[in-house]
Amino acid sequence: MIENHRIALITGVTGFLGRYVARYFSEQGWSIIGIGTSPPENAPLANLTKYYCLRLPDSALHGILQDHPPSICIHCAGRASVPLSVSEPVSDFYTNSVVTFELLNALRLYSAKCKFIFLSSAAVYGNPQSLPVSENQKVTPISPYGFHKLMCEQMCLEFTKVYGLQTASLRIFSAYGPGLRRQVVWDICQKAITQGSLLLQGTGEESRDFIHALDIARALSVVVESAPMAGEVYNLGTGREVKISELATMVLNSLEQDFTPEFDGVVPPGNPLNWQADISQLKSIGFTPTVELERGVKTFVTWCRAELVGI
3 MIENHRIALI
13 TGVTGFLGRY
23 VARYFSEQGW
33 SIIGIGTSPP
43 ENAPLANLTK
53 YYCLRLPDSA
63 LHGILQDHPP
73 SICIHCAGRA
83 SVPLSVSEPV
93 SDFYTNSVVT
103 FELLNALRLY
113 SAKCKFIFLS
123 SAAVYGNPQS
133 LPVSENQKVT
143 PISPYGFHKL
153 MCEQMCLEFT
163 KVYGLQTASL
173 RIFSAYGPGL
183 RRQVVWDICQ
193 KAITQGSLLL
203 QGTGEESRDF
213 IHALDIARAL
223 SVVVESAPMA
233 GEVYNLGTGR
243 EVKISELATM
253 VLNSLEQDFT
263 PEFDGVVPPG
273 NPLNWQADIS
283 QLKSIGFTPT
293 VELERGVKTF
303 VTWCRAELVG
313 I
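If you read the sequence shown in the working numbering, its first letter stands for residue 3, the second for the next number, and so on.
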């Protein structure tokens with residue numbers, strides 16, 4: 003039995019965001035129960051009190067909840083790929099929607115006082131009608147991933163309204179940071195380093211709101227401490243819109259590369275065109291992002307170069 007009464011259950015703890023969340027909450031004095039799909043040697047054991055290698059849903063979760071009743075559960079697990087959700091919708095539905103339902107139901111049965119925080123996505127907005135997009139704007143997903151994340155938000159609200167479970171969902175915009183080996187920041191960086199040229203999808207006019215993983219972990223802590231936990235949703239970004247062409251130039255400048263990025267003009271199915279978050283609702287409970295994109299890109303480039311060429 004864990005003596006610390008501040009127990010945090012983190013799913014997806016061996017994934018990109020899960021690692022950041024585990025480290026941050028561990029540093030804040032929480033005992034971390036981690037669930038992931040990687041073997042223990044690939045788990046962030048230094049930040050974990052207990053680690054369980056499970057692929058959810060798994061009935062072993064029931065015993066874990068009974069043995070180590072968590073005060074909070076941060077659900078980082080799930081597939082985070084729009085292209086894969088388009089090509090493999092059944093798998094995406096299972097790993098996102100089904101797993102989330104099973105986790106909520108297990109908490110209902112075995113740890114009903116636990117606060118549940120769901121990592122949703124700005125993909126629920128699709129192509130917003132106007133920017134910045136607020137939580138009150140109409141949700142119009144354009145990918146299976148976005149639809150499935152929206153389903154999960156509704157499940158959180160269901161378990162709050164029907165069963166009294168404390169829940170909140172965070173619609174994360176474009177997460178990045180050292181450790182992320184996919185998506186656009188990685189794509190730009192690894193191509194520039196390994197190919198000496200840069201050809202990217204789209205037109206370059208597409209835009210995103212980039213939020214560093216450290217700020218995501220901080221935002222989760224603010225929600226745990228200050229949110230009503232009544233099924234509400236929060237946008238999680240910085241409020242800054244950045245064109246992909248601008249991001250590419252930022253990365254190339256950090257790499258001290260002087261070639262010009264090129265774009266193929268093809269926007270993949272399911273990819274939104276422009277994103278910018280209205281984060282006033284999250285700010286109202288005490289969150290302010292701290293990692294400026296320029297600084298975050300520099301640390302990412304340093305990590306990426308070390309990963310790819312060892313310098």
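Backbone N, C-alpha and C define an ideal beta-carbon position, used for all residues, glycine too.
- Annotation for V164: the continuous alpha helix (DSSP H) segment containing it runs 146-165.
- When the alpha-carbon of M252 is set against those of L200, Y26, D69, the nearest one is in L200.
- Excluding its 5 nearest sequence neighbours in each direction, G179 has C-beta neighbours in its own chain below 6 Å: H214, A215, listed in chain order.
- Per DSSP, the beta bridge partners of H214 are Y178.
- For H64, the number of other beta carbons within 10 angstroms of its own is below 16, and it is reported as exposed.
- Around the beta carbon of P71, 16 or more other beta carbons lie within 10 angstroms, which makes this residue buried.
- Under DSSP, the beta-bridge partners assigned to A232 are T169.
- N49 is classed as buried because its beta carbon has at least 16 other beta carbons within 10 Å across all chains shown.
- Following the DSSP letters along the chain, one finds K193 inside the alpha helix (DSSP H) bounded by residues 185-197.
- Each residue's CA atom was taken as its position, placing Q259 and C191 some 11 Å apart.
- Taking 3 residues as the shortest admissible run, the stretch 64-101 contains the following complete beta strand (DSSP E) segments, listed from N- to C-terminal end: 74-77.
- DSSP, read as helix, strand or coil, puts C55 in strand.
- E296 counts as exposed, since fewer than 16 other beta carbons sit within 10 angstroms of its beta carbon.
- Excluding sequence positions up to five before and after L257, its CB lies within less than 8 Å of the CB of C191, A194, I195, V303, R307, all in the same chain and listed in chain order.
- Spanning the alpha carbons of I9 and L182 requires a straight line of approximately 27 Å.
- Going by beta carbons, P291 and T240 fall inside the 7 Å limit.
- In this structure the stretch 37-45 does not lie against the stretch 138-151, because fewer than three pairs of beta carbons, one per stretch, are closer than 8 Å.
- If you ignore the 5 residues before and after V84, its C-beta comes within less than 7 Å of the C-beta of A125, S145, Y147, G272, N273, all in its own chain and listed in chain order.
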